[in-house]
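Chemist: The sequence shown begins at 62 in our numbering and counts up by one. By construction, the Cβ of each residue, glycine as well, lies at the ideal position given by its N, Cα and C atoms. What you are looking at is a predicted structure, and each value in this text was computed from that prediction instead of being measured.
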Amino acid sequence: MVGLIVFLLVVWLVLAIVGFTVKGLIWLAILALALFVITGIVGFIRRRV
């Protein structure tokens, strides 16, 4: 489960970087950052339980 969370965090981070570097894809960066935060919160909660 931890491996999946880490994989998703890396994917969201890469998408955020692509979104910020490619003009016109700022929506992708915002979406990726939101998913990064949500995945991090879910991973933290599941790790504590």
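(1) Compute the distance between the beta-carbons of LEU76 and ALA93, then report whether it is under 9 Å.
(2) According to DSSP, simplified to helix, strand and coil, what is LEU76?
(3) Compute the distance between the beta-carbons of LEU74 and PHE105, then report whether it is under 9 Å.
(4) Please say whether ALA90 and GLY101 have beta carbons closer to each other than 9 Å?
(5) From ARG108 to MET62, what distance separates their C-alpha atoms?
Modeler: Taking the definition as stated:
(1) yes
(2) helix
(3) Cβ atoms of LEU74 and PHE105: not closer than 9 Å.
(4) no
(5) Per the coordinates, the alpha-carbon of ARG108 lies some 9 Å from the alpha-carbon of MET62.
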